[in-house]
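Numbering (the UniProt record's numbering), first residue to last: 1 to 75.
Ideal placement from N, C-alpha and C gives every residue a C-beta, glycine not left out.
Remember, predicted model here, so these are calculated numbers, not experimental data.
One structure below.
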Amino acid sequence: MYFNDIMQKRVIYYVYMLTAYIFSLVWWFRVGQDIVDMDVSTKDRIKDDELLGKRYSMWTDKVENTTEVVVSHPY
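Listed below in structure tokens is the structure:
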């Protein structure tokens, strides 16, 4: 009987916490965010693309390859 009481209290607690978490997420999505349309200049878009490319190495001017190539001829 003691074990069942503890488990029932835990289930009630977890359901309560999960419900509170879901309500906070719903509030954040409805109230916490506003969608704003912004006009971005071409200059700013180009600069952003350059910075993203630099950060993630999307393009490089010079590529150094230091791999050794071994060619073995079977004859």
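Backbone secondary structure at residue i - three-state DSSP
i	result
GLU50	helix
MET17	helix
TRP27	helix
TYR2	helix
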